[in-house]
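Colleague: One point on numbering: in my numbering, the residue at position 4 of the sequence shown is 192, and numbering is uninterrupted. Don't be surprised by glycine CBs; every beta carbon is placed ideally from N, CA and C. Note that the structure is predicted; figures quoted are calculated from it, not measured. Please see the structure below; I have some questions.
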Amino acid sequence: MAKRPTPKKRRAKSAGRRQQSVYEAKQIRKLLNRQASPFAVRATPKKSAKKALKGITRIKA
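Here you go:
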C-alpha cells in the first residue's frame with residue numbers, strides 16, 4: 189500500500205497580490221526616505237546643446 193503525501197497548508201489566493209503591495213510599500217518608503225535625506229539634491233540639468241554636439245560623430249559635406 190502506497191504512503192499518503194504529507195498534507196500541505198492551503199495558501200491564500202491573494203498571496204501574490206499581498207506580496208506585491210508589501211514590495212510597493214517598501215519602495216515608496218525607500219524613495220521618501222531618500223528624498224528626505226540631507227544628501228538628496230536635485231540633479232543639475234544637462235545642457236542639451238552639449239549633448240547634441242557629443243552625439244555628432246561625423247559631419248557630412
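With a Cβ-Cβ cutoff of 8 angstroms, do ALA231 and ARG222 count as a contact?
Modeller: The answer is no: Cβ separation not under 8 angstroms.
Colleague: Can you give me the C-alpha to C-alpha distance between GLN208 and GLN215, rounded to a whole angstrom?
Modeller: Roughly 11 angstroms between the two C-alpha positions.
Colleague: Put SER225 into one of helix, strand or coil per three-state DSSP.
Modeller: Correct three-state label for SER225: coil.
Colleague: In the structure shown, what three-state DSSP assignment does ARG198 receive?
Modeller: Coil at ARG198, not helix or strand.
Colleague: Out of curiosity, what's the CA-to-CA distance linking LEU220 and ALA213?
Modeller: For LEU220 and ALA213, the distance between alpha carbons rounds to 11 angstroms.
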